[in-house]
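In the numbering used here, the protein residues as written are 3 to 293.
Worksheet: one structure, shown below.
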Ligand SMILES: C[S@@+](CC[C@H](N)C(=O)[O-])C[C@H]1O[C@@H](n2cnc3c(N)ncnc32)[C@H](O)[C@@H]1O
């Protein structure tokens, strides 16, 4: 890799299609980020804020999804092998999807550093081609991996050029796969923590509709608020704007934000019958800060 590629202050887009991902709103969030020497993104997903903001002296990204962990680790440590293996995925896209989604279930249960390269390519291929970028490894419900975006694997050279910059930005970054509580230890007033947990409303719905491999119960949301209340770090949380969430973070500063969600449309049956066009859903979310 060429050293010149690395400009840690240059904003980058996350390379992933990520449900609830913050790529499109990172610019809107950036003015709320306080000065800090250490950055921790404890529910990283596609890590949109990490990739957008200037890199701190120390950075740490964490997510409980083992496939994501394999991808970020491999991009950080083994970019050339990753790029080579991606180039080998050039056959029939549906067959490749079936291979990674249904034949390589062995990789979905791998943990730690086992088979990192294959797991990374599996995660990336599925993320590009699956419905809505939702990569859920649930052997009991194979239908949750649904091939709907073959175009997601086109223009691979362009994607790899972007991934090379992603790899450069990941150099020196701590990457973990653990529950967020373990990422709070040792934080100081110079640490900035960004927390983008699973949506509150998801905890009230049916488990099979959940967007993430790892979901949250109402009790988990309560525990998160409690844990974040106890840290000396500066914390910014993003959540949907609802009274339950406001109650959890009583005493914190709230800044409402809204934007059109990518890929989510609302139109009633009656409106559709009248020939109305599908409209994008407007997300009403909150930035919640303890500073
Ligand atoms: C809203 S998404 C984060 C999206 C991210 N901000 C982005 O821009 O792509 C929430 C993430 O939390 C992760 N997650 C769920 N439970 C977790 C836990 N207990 N600890 C750490 N991560 C968890 C999920 O895997 C998911 O990636």
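Even for Gly, the Cβ is constructed at its ideal location relative to N, Cα and C.
For clarity, every value in this text was computed on a predicted model and none was experimentally measured.
Distance, residue 49 Cα to residue 90 Cα: Roughly 26 Å between the two C-alpha positions.
Residue 32: CB within 7 Å of a non-hydrogen atom of ligand 1: With a cutoff of 7 Å, residue 32 does not count as near ligand 1, since its C-beta is closer than that to no heavy atom of the ligand.
Minimum C-alpha distance to residue 167 - residue among 85, 40, 64, 275: With distances taken between Cα atoms, residue 167 lies closest to 85.
Delimiting residues of the beta strand (DSSP E) encompassing residue 62: Residues 60-64.
Three-state secondary structure (DSSP) of residue 127: Reduced to three states, the DSSP call for residue 127 is helix.
Three-way DSSP call (helix, strand, coil) for residue 203 in this model: Residue 203 carries a helical assignment under DSSP once its states are collapsed to helix, strand and coil.
Residue 46 Cβ short of 7 Å to ligand 1 heavy atom set: Indeed, a heavy atom of ligand 1 lies less than 7 Å from the Cβ.
beta-carbon residue 292 near ligand 1 non-hydrogen atom, thresh 7 Å: Incorrect: residue 292 has no Cβ contact closer than 7 Å to ligand 1.
Residue 158 vs residue 88 beta-carbon contact at 8 Å: The answer is yes: Cβ separation under 8 Å.
Cβ-Cβ separation, residue 123 to residue 149 (assumed contact under 8 Å), whole Å: 16 Å between Cβ atoms; not a contact.
DSSP state of residue 74 mapped onto helix, strand, coil: Of the three classes helix, strand and coil, the one that applies to residue 74 here is helix, per DSSP.
Integer Cβ distance of residue 177 from residue 71, believed to fall under 8 Å: Sure, about 7 Å apart at Cβ, within 8 Å.
Residue closest to residue 22, alpha-carbon to alpha-carbon, out of 201, 233, 236: Nearest to residue 22 by alpha-carbon distance, out of 201, 233, 236, is 201.
Cβ distance (whole Å) where residue 197 is taken to contact residue 44 below 8 Å: Residue 197 to residue 44, Cβ: 5 Å. Contact.
For residue 175 and residue 113, the rounded distance between their alpha carbons: Cα-Cα distance, rounded: 20 Å.
Whether residue 38 touches residue 257 by CB criterion (8 Å): Residue 38 places its beta carbon 8 Å or farther from that of residue 257.
Check whether residue 54 and residue 61 have beta carbons under 8 Å apart: No.
Nearest neighbour of residue 206, chosen from 98, 223, 190 [CA to CA]: The shortest C-alpha to C-alpha distance from residue 206 to any of 98, 223, 190 is the one to 223.
Residue 200 Cβ short of 7 Å to ligand 1 heavy atom set: Answer for residue 200: yes, Cβ within range of ligand 1.
Secondary structure of residue 262, DSSP reduced to three states: Here residue 262 sits in strand by DSSP.
Cβ-heavy atom distance, residue 243 to ligand 1, below 7 Å: No, ligand 1 has no heavy atom inside 7 Å of this Cβ.
Beta-carbon proximity check, residue 261 vs residue 285, cutoff 8 Å: In contact: residue 261 and residue 285 (Cβ atoms closer than 8 Å).
Within the stretch 183-247, ranges of the beta strand (DSSP E) (whole runs, at least 3 residues): Qualifying beta strand (DSSP E) stretches, in chain order: 193-197, 236-242.
C-alpha gap between residue 293 and residue 248, whole angstroms: One C-alpha to the other measures close to 16 Å.
For residue 175, the three-state DSSP class (helix, strand or coil): Note: residue 175 maps to coil in three-state DSSP.
Beta-carbon contacts of residue 30 that lie in its chain and below 8 Å, excluding the five residues immediately before and after: Here the set comprises 259, 261.
Between the CA atoms of residue 111 and residue 36 - distance to the nearest angstrom: Each residue's Cα considered, the two are about 38 Å apart.
Three-way DSSP call (helix, strand, coil) for residue 51 in this model: The answer is helix: DSSP assigns residue 51 an H, G or I state.
Buried versus exposed call for residue 78 [16 or more other C-beta atoms within 10 Å across all chains shown]: Residue environment: residue 78 is assigned as buried (16 or more neighbouring CB atoms within 10 Å of its CB, all protein chains considered).
Selected residue, minimal CA-CA separation from residue 170, among 80, 65, 291, 18: Comparing Cα-Cα distances from residue 170 to each of 80, 65, 291, 18, the minimum goes to 80.
Sheet register partners of residue 285 (DSSP bridge): Answer by DSSP bridge pairing, in chain order: 261.
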